[in-house]
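Worksheet: the structure to be examined is printed underneath.
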Amino acid sequence: MQSHTDTDARDSVSSALPAELRSRIPAGRVLTDGPEYAEAVALFNAAVDVRPSVVVRCETTADVQAAVRASRDHGVPLSVRGGGHDFWGRAFRPGGLVLDLTGMREVQVDTTRRLATVGGGALSSDVVSAAERVGLTAVTGTAGSVGMVGLTLGGGYGPLLGQFGLAADNLLGAEVVLADGSRVDTDAEHHPDLFWALRGGGGNFGVVTSARIRLHPVPNVVSGTILYPIGRSAEILADLGGILQDSPDELTVDVGFLPGPDGKPTVYVAPTWSGDLQVGNAENGPVRALAGLGTPVMAEVGPVARSATLAATDAMFPFGRMGAIRTRTVQSIPGPAATVLDRAAQEFTSPFSAIVWHQFHGAATRPPLGSTAFGRREPHLMVELISMWEGGERKDDARGGNGGSTHLRWLEELHAALEPFSLPGGYVNFLGPETPDQVARSYGPNTERLLAVKSAVDPDSVFAATPLPGGTADAGSTPV
-17 MQSHTDTDAR DSVSSALPAE LRSRIPAGRV LTDGPEYAEA VALFNAAVDV
33 RPSVVVRCET TADVQAAVRA SRDHGVPLSV RGGGHDFWGR AFRPGGLVLD
83 LTGMREVQVD TTRRLATVGG GALSSDVVSA AERVGLTAVT GTAGSVGMVG
133 LTLGGGYGPL LGQFGLAADN LLGAEVVLAD GSRVDTDAEH HPDLFWALRG
183 GGGNFGVVTS ARIRLHPVPN VVSGTILYPI GRSAEILADL GGILQDSPDE
233 LTVDVGFLPG PDGKPTVYVA PTWSGDLQVG NAENGPVRAL AGLGTPVMAE
283 VGPVARSATL AATDAMFPFG RMGAIRTRTV QSIPGPAATV LDRAAQEFTS
333 PFSAIVWHQF HGAATRPPLG STAFGRREPH LMVELISMWE GGERKDDARG
383 GNGGSTHLRW LEELHAALEP FSLPGGYVNF LGPETPDQVA RSYGPNTERL
433 LAVKSAVDPD SVFAATPLPG GTADAGSTPV
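For the sequence shown, my numbering assigns the number -17 to the initial residue and increments by one for each residue that follows.
Okay, structure coming up:
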């Protein structure tokens, strides 16, 4: 039982912290309740029901430093919000202090050096739109609403991966606020161990208030969506397996199962060609060949701005639905794994769920395994298992409550059924506390060095974002 003294002390701290923050940061940006607070705690996944005590809407690095120091002084858990796209809602911690970076979305493009300096709260769409205006683009994932920094820190699979590598491979440097509130600039020559850890180790080492990323002269790609009837999935996936194995760097293909326009499950093929547009768009070219594997339900492929492809994914997965995610890594899909996935797609419990695997090949496979913290460099497929459903079911259903348990049961059964065909570990941006076995093996031979960097820069585990082996970061936030 708590004593009155314990309760009074907690109440004193809870009132003292906002007061101290408001003495250092404009009072209107320190939120504890009201409409602005309610807006600030809305996340991509509506199934999350975590309420922090204080939200600080940071606009400068000095704001971040002040808030980090205040949280340490008052012993309050700290978290960071970028895009708010994490399925676990780790942008928040119960009763904690949130560094809301959504006011730090500026993007500055240096056309001469082909790089962008992006604020810690910038979305992928912010970066791509800014670069596109000057004929460039950034390596991002498939969705524009995902925070650019969080995506990059965890690795960053995406449709340009074959040509230019992971998002993390394109990180050139960062400004970071450490656990003691100090600020450092890190790159290959300055604080190189920290820079190494940031490229794949997640937001576990400090607050990245700005990042410098490499840009590429590919504002337009040949891309689109091809849907095939699920009844032909075995043949389609077998043909695709050979195509993916031999695809050039310029062609990266996402494949999976989605409900089609009539609600029935379909085989989903989403190619992206980042090379010469005439080659990619030719009638006998590599992209349009993907629409000739059978009779498609739909085939919409052609030259398109990268910003449009990001917007299309955002429309498929809007903010405000409930959901959960798991991930597996496999070497190939055709065969027994394809049978497992086909059966699961036939049993979708919601028209908003999806199974998608992302090709890892080309440029992403060429850096030595130890050159960044990212834990896997051989060719593979990263599988997203996504269960999503509309509101109307209780918010705690995503944690196993009444209505959501049907969707979660489907997800967990599929995740377990894929295990015999999966490589150890998984993609850390999609791993949570439910899968400690995958977390433990996600960094492979990089684990020891990664944990050593963590101990050096954040020995008290102030920053707990994507999970680290050993459980040092199984809750908290990363700006995703």
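Virtual Cβ for every residue (Gly too), placed ideally from N, Cα, C.
Because the structure is a prediction, the values reported are computed rather than measured.
| Query | Result |
| --- | --- |
| At least 3 beta-carbon pairs within less than 8 Å: the stretch 13 to 31 vs the stretch 40 to 60 | no |
| Ser353 versus Gly163, Leu176, Glu114, residue with shortest Cα-Cα distance | Leu176 |
| Cα-Cα separation between Tyr425 and Pro285, rounded to whole angstroms | 37 Å |
| Which of helix, strand or coil DSSP assigns to Gly155 | strand |
| Beta-carbon proximity of Gly103 to Thr84, cut-off 7 Å | yes |
| Buried versus exposed call for His362 [16 or more other C-beta atoms within 10 Å across all chains shown] | buried |
| Cβ neighbours of Gly136 in the same chain (closer than 6 Å, five flanking residues each side left out) | Gly184, Val410, Asn411, Thr448 |
| Ser387 to Arg196 span [Cα, whole Å] | 43 Å |
| Own chain residues within Cβ distance below 6 Å of Leu133, not counting five before or after | Gly123, Ala149 |
| Entirely enclosed beta strand (DSSP E) segments - the stretch 245 to 317, minimum 3 residues | 247 to 255, 280 to 287, 304 to 312 |
| Which of helix, strand or coil DSSP assigns to Phe412 | helix |
| DSSP bridge partner residues for Arg63 (one or two, in chain order) | Asp82 |
| CA-to-CA distance, Pro243 to His397, given in whole angstroms | 26 Å |
| Euclidean distance between Cα positions of Ala281 and Arg115 | 28 Å |
| Contacting residues, own chain, Cβ-Cβ under 7 Å from Gly64 (five flanking each side not counted) | Leu83, Gly102, Gly103, Gly129, Val131, Gly132, Pro461, Val462 |
| DSSP three-state assignment for Val116, whether helix, strand or coil | coil |
| Residues near Val190 in its chain [Cβ-Cβ closer than 6 Å; skip 5 each side] | Gly102, Val131, Ala156, Val158 |
| Cut-off 6 Å between Cβ atoms - residues of its own chain near Arg381, not counting five sequence neighbours on either side | With a pLDDT of 40 at Arg381, under the threshold of 50, the modelled position of this residue cannot be trusted; read the value that follows with caution. So the list is empty, once near-sequence residues are dropped. |
| CA-to-CA distance, Arg96 to Asp442, given in whole angstroms | 38 Å |
| Sheet register partners of Ser369 (DSSP bridge) | Ala306 |
| Inter-residue Cα distance where the pair is Glu50 and Gln341 | Checking the displayed sequence, the identity of residue 50 turns out to be Val instead of Glu. Distance between the alpha carbons of Val50 and Gln341: 38 Å. |
| The alpha helix (DSSP H) enclosing Trp392, as first and last residue numbers | 387 to 400 |
| Buried or exposed (CB count within 10 angstroms, at least 16 for buried), Asn266 | exposed |
| Gly117 beta carbon less than 7 Å from that of Pro230 | no |
| Of the residues Leu3, Val261, Ile307, the one placed nearest Ala336, counting alpha carbons only | Ile307 |
| DSSP state of Tyr19 mapped onto helix, strand, coil | helix |
| Whole-angstrom distance between Ala297 and Arg288, CA atom to CA atom | 15 Å |
| Terminal residues of the beta strand (DSSP E) in which Leu233 lies | 233 to 241 |
| Pro350 versus Arg4: straight-line alpha-carbon distance, rounded | 47 Å |
| Cutoff 6 Å; reference Val89; Cβ partners in own chain excluding five residues on either side | Ala98, Val100, Ala104, Asp108, Val109, Ala112 |
| Thr(-11) versus Val32: straight-line alpha-carbon distance, rounded | Per-residue confidence for Thr(-11) stands at a pLDDT of 41, beneath the threshold of 50, marking its modelled position as unreliable; the derived number appears in the next sentence. Approximately 21 Å between the Cα atoms of the pair. |
| Any chain D beta carbon closer than 7 Å to Ala149 | No chain D appears in the structure shown, which is made up of a single protein chain. |
| Rounded C-alpha distance that separates Asp324 from Thr248 | 9 Å |
| Span separating the alpha-carbon of Thr254 from that of Leu25 | 29 Å |
| Spatial neighbours of Gly182 in its chain, beta-carbon cut-off 6 Å, leaving aside the 5 residues before and after | Gly137, Ala150, Thr354, Ala355, Phe356 |
| Expected contact under 8 Å - CB spacing of Thr311 and Arg358 to nearest Å | 7 Å |
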